[in-house]
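Working notes, beginning with the structure itself.
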Amino acid sequence: MEKTLRFVTGIGILREGPLHAALKEWLARPGDRLEVPVGGFVIDVVRADGELVEIQTGSFSPLRPKMDALLDAFRVRLVHPIPARRRIVRVDEHGMVLSTRPSPKRPGFTAIFEGLVSFPTLLDHPNLTIELLLCSEDHVRAPSPVRGRRYTRDPGERRLIEVLDGVELRGAADLARLLPPLEGEFSTRELAAAMGTPLALAQKAAACLRALEVFEPAGKRGRAPLHRMA
(Lines of atoms letter the chains of each structure in order from A; the text may use other names.)
(Lines give C-alpha, C1' and ligand atoms only; values in the text may rest on other atoms or scores of the structure.)
Protein backbone atom coordinates (compact mmCIF):
# COMPACT_ATOMS: atom_id res chain seq x y z
CA MET A 21 0.00 0.00 0.00
CA GLU A 22 1.25 3.46 -0.88
CA LYS A 23 2.20 5.61 2.09
CA THR A 24 3.06 9.25 2.52
CA LEU A 25 5.39 10.69 5.18
CA ARG A 26 3.64 14.03 5.56
CA PHE A 27 6.16 15.27 8.11
CA VAL A 28 9.01 15.24 5.60
CA THR A 29 10.01 18.73 4.46
CA GLY A 30 13.33 19.61 2.88
CA ILE A 31 15.17 16.32 3.02
CA GLY A 32 18.75 17.02 4.08
CA ILE A 33 18.11 20.66 4.98
CA LEU A 34 17.01 20.18 8.59
CA ARG A 35 19.12 17.11 9.06
CA GLU A 36 18.86 16.74 12.82
CA GLY A 37 15.86 18.93 13.50
CA PRO A 38 13.18 16.21 13.83
CA LEU A 39 15.25 13.99 16.13
CA HIS A 40 16.32 16.94 18.25
CA ALA A 41 12.73 18.18 18.61
CA ALA A 42 11.40 14.72 19.52
CA LEU A 43 14.07 14.18 22.17
CA LYS A 44 13.40 17.59 23.68
CA GLU A 45 9.74 16.64 24.06
CA TRP A 46 10.68 13.22 25.46
CA LEU A 47 13.06 14.73 28.02
CA ALA A 48 10.81 17.58 29.19
CA ARG A 49 9.25 17.28 32.66
CA PRO A 50 6.61 19.38 34.41
CA GLY A 51 8.14 22.71 35.39
CA ASP A 52 10.90 22.59 32.76
CA ARG A 53 11.46 25.47 30.34
CA LEU A 54 12.48 25.00 26.72
CA GLU A 55 14.83 27.10 24.57
CA VAL A 56 15.98 29.37 27.39
CA PRO A 57 18.76 32.00 26.99
CA VAL A 58 21.52 31.36 29.56
CA GLY A 59 24.89 33.10 29.58
CA GLY A 60 24.64 34.18 25.97
CA PHE A 61 23.57 30.72 24.73
CA VAL A 62 20.19 29.10 24.10
CA ILE A 63 19.70 25.97 26.21
CA ASP A 64 17.42 23.18 25.01
CA VAL A 65 15.85 22.43 28.41
CA VAL A 66 16.26 24.12 31.79
CA ARG A 67 15.03 21.87 34.58
CA ALA A 68 12.99 23.18 37.46
CA ASP A 69 15.97 22.41 39.74
CA GLY A 70 18.31 24.51 37.56
CA GLU A 71 20.05 21.74 35.60
CA LEU A 72 20.76 22.67 31.98
CA VAL A 73 19.98 19.95 29.42
CA GLU A 74 21.63 20.05 26.00
CA ILE A 75 20.87 17.55 23.21
CA GLN A 76 23.77 16.82 20.89
CA THR A 77 23.14 14.40 18.03
CA GLY A 78 26.53 14.75 16.31
CA SER A 79 30.13 15.64 17.16
CA PHE A 80 30.79 17.31 20.48
CA SER A 81 33.32 19.78 19.07
CA PRO A 82 30.73 22.56 18.40
CA LEU A 83 29.84 22.45 22.11
CA ARG A 84 33.25 23.51 23.36
CA PRO A 85 32.51 27.28 23.69
CA LYS A 86 29.17 26.60 25.39
CA MET A 87 30.64 24.08 27.83
CA ASP A 88 33.63 26.32 28.62
CA ALA A 89 31.26 29.18 29.42
CA LEU A 90 28.63 27.30 31.45
CA LEU A 91 30.12 24.30 33.26
CA ASP A 92 31.80 26.21 36.09
CA ALA A 93 28.53 27.91 37.04
CA PHE A 94 25.82 25.37 36.16
CA ARG A 95 25.07 21.67 36.29
CA VAL A 96 24.84 20.48 32.69
CA ARG A 97 23.36 17.28 31.28
CA LEU A 98 24.55 16.47 27.77
CA VAL A 99 22.15 14.04 26.06
CA HIS A 100 23.53 12.04 23.13
CA PRO A 101 21.26 9.71 21.08
CA ILE A 102 22.76 6.62 19.45
CA PRO A 103 20.84 4.90 16.59
CA ALA A 104 21.01 1.34 17.95
CA ARG A 105 18.16 0.26 15.69
CA ARG A 106 17.66 2.12 12.44
CA ARG A 107 15.43 1.83 9.39
CA ILE A 108 16.42 3.52 6.11
CA VAL A 109 13.38 5.11 4.46
CA ARG A 110 13.64 6.46 0.90
CA VAL A 111 11.06 9.06 -0.10
CA ASP A 112 10.39 11.17 -3.16
CA GLU A 113 10.10 14.97 -3.24
CA HIS A 114 6.45 14.72 -2.11
CA GLY A 115 7.23 12.54 0.90
CA MET A 116 5.94 9.34 -0.70
CA VAL A 117 7.72 6.25 0.62
CA LEU A 118 9.69 4.52 -2.12
CA SER A 119 11.47 1.85 -0.07
CA THR A 120 12.39 0.81 3.46
CA ARG A 121 15.13 -1.42 4.76
CA PRO A 122 16.77 -2.07 8.12
CA SER A 123 20.30 -0.74 8.55
CA PRO A 124 22.88 -3.47 9.26
CA LYS A 125 24.64 -1.18 11.74
CA ARG A 126 23.85 -1.73 15.43
CA PRO A 127 25.97 0.73 17.42
CA GLY A 128 25.95 0.48 21.20
CA PHE A 129 26.96 2.75 24.04
CA THR A 130 30.61 2.70 22.92
CA ALA A 131 29.58 4.89 19.96
CA ILE A 132 30.03 7.78 22.44
CA PHE A 133 33.76 7.74 21.60
CA GLU A 134 32.94 9.12 18.13
CA GLY A 135 31.77 12.38 19.68
CA LEU A 136 33.82 12.47 22.86
CA VAL A 137 37.15 12.25 21.04
CA SER A 138 36.78 15.98 20.22
CA PHE A 139 37.61 16.86 23.83
CA PRO A 140 37.52 13.80 26.14
CA THR A 141 38.61 15.61 29.30
CA LEU A 142 35.19 17.28 29.24
CA LEU A 143 34.02 14.25 31.20
CA ASP A 144 36.33 15.15 34.09
CA HIS A 145 34.24 18.19 35.02
CA PRO A 146 32.21 17.59 38.22
CA ASN A 147 29.23 19.61 36.90
CA LEU A 148 28.77 17.47 33.78
CA THR A 149 26.60 14.40 33.25
CA ILE A 150 26.53 12.74 29.82
CA GLU A 151 23.35 10.76 29.21
CA LEU A 152 23.50 8.21 26.40
CA LEU A 153 20.24 7.05 24.82
CA LEU A 154 20.02 3.98 22.61
CA CYS A 155 17.25 4.80 20.15
CA SER A 156 15.16 3.21 17.46
CA GLU A 157 15.12 5.64 14.53
CA ASP A 158 13.89 6.12 11.00
CA HIS A 159 16.55 7.67 8.78
CA VAL A 160 14.53 9.40 6.05
CA ARG A 161 16.46 10.03 2.85
CA ALA A 162 15.97 11.25 -0.70
CA PRO A 163 15.48 8.71 -3.54
CA SER A 164 19.22 8.58 -4.24
CA PRO A 165 22.38 9.96 -2.61
CA VAL A 166 23.41 13.51 -3.41
CA ARG A 167 26.71 13.44 -5.24
CA GLY A 168 29.20 16.23 -4.55
CA ARG A 169 32.48 16.99 -6.29
CA ARG A 170 34.54 14.87 -3.91
CA TYR A 171 32.20 12.37 -2.28
CA THR A 172 28.64 11.08 -2.04
CA ARG A 173 26.44 12.66 0.61
CA ASP A 174 23.24 11.15 1.94
CA PRO A 175 22.50 13.00 5.17
CA GLY A 176 18.72 12.64 5.34
CA GLU A 177 16.75 13.27 8.53
CA ARG A 178 16.87 11.24 11.74
CA ARG A 179 13.44 10.65 13.29
CA LEU A 180 12.89 9.15 16.72
CA ILE A 181 10.71 6.05 16.97
CA GLU A 182 11.51 4.88 20.51
CA VAL A 183 14.09 5.23 23.28
CA LEU A 184 15.32 1.71 24.03
CA ASP A 185 17.83 2.15 26.84
CA GLY A 186 20.03 4.70 28.54
CA VAL A 187 23.08 5.15 30.73
CA GLU A 188 24.64 8.09 32.57
CA LEU A 189 28.34 8.94 32.59
CA ARG A 190 29.69 11.14 35.38
CA GLY A 191 33.39 10.48 35.07
CA ALA A 192 36.16 8.39 33.59
CA ALA A 193 35.22 5.33 35.66
CA ASP A 194 31.74 5.27 34.14
CA LEU A 195 33.24 5.50 30.67
CA ALA A 196 35.63 2.62 31.41
CA ARG A 197 32.66 0.44 32.40
CA LEU A 198 31.40 0.60 28.80
CA LEU A 199 34.39 -1.56 27.78
CA PRO A 200 34.64 -5.34 27.98
CA PRO A 201 37.10 -6.80 30.53
CA LEU A 202 40.67 -6.07 29.41
CA GLU A 203 43.74 -7.78 30.83
CA GLY A 204 47.43 -7.27 30.26
CA GLU A 205 48.70 -5.33 27.30
CA PHE A 206 46.71 -4.82 24.11
CA SER A 207 46.87 -2.99 20.80
CA THR A 208 44.03 -0.92 19.36
CA ARG A 209 43.35 -3.77 16.91
CA GLU A 210 42.89 -6.14 19.85
CA LEU A 211 40.76 -3.51 21.59
CA ALA A 212 38.54 -3.32 18.49
CA ALA A 213 38.09 -7.10 18.52
CA ALA A 214 37.19 -7.07 22.22
CA MET A 215 34.71 -4.21 21.73
CA GLY A 216 33.25 -5.71 18.55
CA THR A 217 33.69 -2.38 16.75
CA PRO A 218 35.63 -1.10 13.72
CA LEU A 219 39.29 -0.27 14.28
CA ALA A 220 38.66 3.46 13.77
CA LEU A 221 36.25 3.56 16.73
CA ALA A 222 38.66 1.60 18.93
CA GLN A 223 41.39 4.12 18.07
CA LYS A 224 39.12 6.96 19.18
CA ALA A 225 38.25 5.05 22.34
CA ALA A 226 41.94 4.57 23.11
CA ALA A 227 42.62 8.28 22.55
CA CYS A 228 39.79 9.25 24.93
CA LEU A 229 40.83 6.79 27.61
CA ARG A 230 44.49 7.83 27.43
CA ALA A 231 43.47 11.47 27.87
CA LEU A 232 41.38 10.49 30.90
CA GLU A 233 44.26 8.35 32.28
CA VAL A 234 42.19 5.17 32.15
CA PHE A 235 44.73 3.70 29.69
CA GLU A 236 48.48 4.10 29.97
CA PRO A 237 51.24 3.35 27.43
CA ALA A 238 52.68 -0.18 27.61
CA GLY A 239 55.44 -0.13 25.02
CA LYS A 240 55.15 -1.67 21.57
CA ARG A 241 54.66 -5.04 19.93
CA GLY A 242 56.54 -4.69 16.68
CA ARG A 243 55.35 -1.34 15.36
CA ALA A 244 52.00 -1.43 17.19
CA PRO A 245 51.71 0.75 20.32
CA LEU A 246 50.31 -1.13 23.32
CA HIS A 247 48.05 0.02 26.13
CA ARG A 248 46.98 -1.31 29.51
CA MET A 249 44.49 -0.27 32.13
CA ALA A 250 46.01 2.34 34.42
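Position in the sequence shown counted from 1, then plus 20, gives you this note's numbering.
Built from N, CA and C at the ideal position, the CB exists for glycine as well.
Rounded to whole angstroms, the separation of the alpha carbons of G242 and R178 is 43 Å. Residue environment for V137: buried (at least 16 other C-beta atoms within 10 angstroms of its C-beta). The beta carbon of A231 is closer than 8 Å to those of P140, T141 in its chain, skipping five residues each way along the sequence. DSSP lists M249 as the beta-bridge partner residues of F235. When secondary structure is reduced to three states using DSSP, E74 falls in the strand class. T149 carries a strand assignment under DSSP once its states are collapsed to helix, strand and coil. DSSP places A225 within a helical segment (H, G or I) once states are collapsed to three.
Residue environment analysis places S207 among the buried positions, since at least 16 neighbouring C-beta atoms fall within 10 angstroms of its C-beta. About 5 Å separates the beta carbons of L43 and I75, which is inside the 8 Å limit, making them a contact pair. Between the alpha carbons of P201 and H114 lies a distance of about 50 Å.
R126 carries a coil assignment under DSSP once its states are collapsed to helix, strand and coil.
Of C155, E236, E151, S79, the smallest CA-CA separation from K125 is found for C155.
DSSP places T217 outside both helix and strand once states are collapsed to three, so it counts as coil. Annotation: P57 to V66 spans about 10 Å, alpha carbon to alpha carbon.
For R178, the enclosing beta strand (DSSP E) has its first and last residue at 177-189. For E157, the three-state secondary structure derived from DSSP is strand.
Cβ contact annotation for Q223 (same chain, cutoff 7 Å, sequence separation greater than five): T208, in chain order.
In the structure shown, F61 adopts extended strand secondary structure according to DSSP, grouped into three states. For H100, the enclosing beta strand (DSSP E) begins and ends at 96-111. Considering only V187, A244, I181, the residue with the shortest C-alpha distance to T130 is V187. In this model, G191 and M249 are separated by some 16 Å (Cα to Cα).
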